[in-house]
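Read the structure below first, then the notes.
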Amino acid sequence: MRTDLAKGRILPAIVTICFTALALALTAAPALAGPYSAIVVDADNGRVLHAQEPDAARYPASLTKMMTLYMAFDALKDGRLKMDQRLTVSKHAAAQPYGIPLRAGQTITVRDAILANITKSANNAAAVLGEAIGGTEKQFAAMMTRRAQQLGMHSTIFQNASGLPNTKQKSTARDMATLGIALVKNHKAYYSYFSTAEFEWQGTPVRTHNHMLARYEGADGIKTGFIAASGFNLVASAKRDGRRIVAVVYGGTSVQARDNRMIQLLDIGFEKLESGEDRNAPLLMVDAPKRDQGLGLISNAEAAAPAPTAARAKQIKKATQVAAPREAAAPSGEWAVQLGAFKQAAAAEKLLDRVKTKLPEAEPLVDAIDAGRSTLYRARLTGLTQTSARQACEQLKREKMTCAVISPDA
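Take the sequence shown: its letters are residues -33 to -1, 1 to 377, numbered as in mature numbering (1 follows the signal peptide of the UniProt record, and there is no 0).
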């Protein structure tokens, strides 16, 4: 009788212990990897050196902050923001999970907000930048999506400035490579910030999450990312012997596994450059599947590829409308004006610097296109309405300058 009673007490206890141990094991288990994608691109000419599932939809996680930073660099370039300008932290921004210590009503300089995004991947600092540029984070996300479209990222939709989980926020490895190259080429004055290993915030050192800076020879940026649905992601850039590679990996099982895979990808890229295997490699955007045709090398949809089909154009327009509500405080159009094409990016940038004061509402863009044996750099002012684009060209032509109006479906 006592034995039966003991068994009756012991068995439930064993079951309870087993379930408790199982629950603890599941809680402590590392996050599962998201779907894998990767691409390696020669940043100098847009040749794809390696790719696996480059056009599959993925959650970008904190790679989203690359676009937030691109928008901030745009604003710095055209004077809408200044590096030492102090931005007030809203209640919304202060409430974002994970970041540097920030409270509502506090201020932070644009420079520190940028460094917090790059090193700590601070969600609250991303929201601060987004609100400073777009008014609200929702409106800023709409601006991000439109800017992404202009850069040729037609498989990307942003919903926030940080990359915090949102089922509608999607991108691809190809699109993130496009963005990485655009950051390198279009924002040379600010790209070096991605090499920051550490900065000080309120007397405390804030160290970078990007271990590639220390682990890989020639690595100088760009951005890490993680949410449970995507796994561990990374966009990295490295330069050796005057040649630059940008690589993207999605779906790492851990930080170390992701970094190890990135090292392999960069090695693959540089080996192909050294052996000359890159010469016949497909272009970053021209080689995209039919649903992605029409993407530019590093900028808008008109660059160096066949125009999108009517069905794809309709799909792009619909996606942009969903992501960009009417009340969004963003440029009111998708028209542009082209001022010329040059063999050197510096010449295009110099012309834009000269002209942008005449059209402060427009966004300057250096648009690189493959022209066979060379690359041409087109100087464009984007984000215009049809009327303002035509008026701008008329004004510039009166000043003896070359100008062409570019429609959204050109």
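We treat Cβ as the ideally placed atom computed from N, Cα and C, and that holds for glycine.
As the structure is a prediction and not an experimental result, all values here were calculated from the model.
C-alpha gap between residue i and residue j, whole angstroms
i           : j      : result
Ala93       : Val151 : 20 Å
Leu318      : Thr171 : 42 Å
Trp302      : Gln169 : 44 Å
Gly243      : Leu16  : 11 Å
Lys105      : Ala128 : 8 Å
Gly13       : Val213 : 10 Å
His121      : Gln353 : 21 Å
Tyr65       : Glu361 : 49 Å
Met110      : Gly101 : 7 Å
Ala313      : Tyr3   : 37 Å
residue 383 : Gln305 : The displayed coordinates of the chain run from -33 to 377. Any statement about residue 383 would go beyond what the structure contains.
Phe40       : Glu316 : 14 Å
Pro68       : Asn91  : 9 Å
Lys137      : Ala196 : 11 Å
Cβ shell of residue i (< 8 Å), same chain only, five flanking positions each side left out
i       : result
Ser159  : Asp187
Gln73   : Thr55, Val56, Ala61
Pro(-4) : Low local confidence applies: a pLDDT of 35 at Pro(-4) is under 50, so the model's placement there is unreliable, with the coordinate-based value given in what follows. Here the set comprises Thr220, Ser221.
In DSSP terms, what residue i is bridged to
i      : result
Pro172 : Glu167
Val372 : Val304
Gly66  : Gly66 is not bridged to any residue.
Leu201 : Thr191, Val216
Lys206 : Arg211
Gln19  : Ala5
Glu330 : Thr349
Arg365 : None, per the DSSP bridge assignment.
Leu232 : Answer is none; Leu232 lacks a bridge partner.
Residue burial classification, residue i (beta-carbon count within 10 angstroms, cutoff 16)
i           : result
Thr369      : exposed
residue 387 : Any question about residue 387 goes unanswered here, given that the chain covers just -33 to 377.
Met50       : exposed
Gly350      : buried
Thr123      : buried
Lys364      : exposed
Sequence-distant residues of the same chain with beta carbon closer than 6 Å to residue i, five excluded per side
i      : result
Ser29  : Ser88, Gly130, Gly192
Ala99  : Leu54
Val215 : Ile6, Ala140, Met143, Ala144, Val202
Val77  : Leu48, Met50, Gln52
Ala359 : Val304, Leu326
Gly198 : Ala(-1), Gly1, Gly218, Gly219
Lys44  : none
Ala371 : Gln305
Per-residue DSSP class, three states only, for residue i
i      : result
Asp187 : strand
Tyr26  : coil
Ala39  : helix
Ser138 : strand
Ser129 : coil
Arg113 : helix
Thr86  : helix
Arg53  : strand
Arg47  : coil
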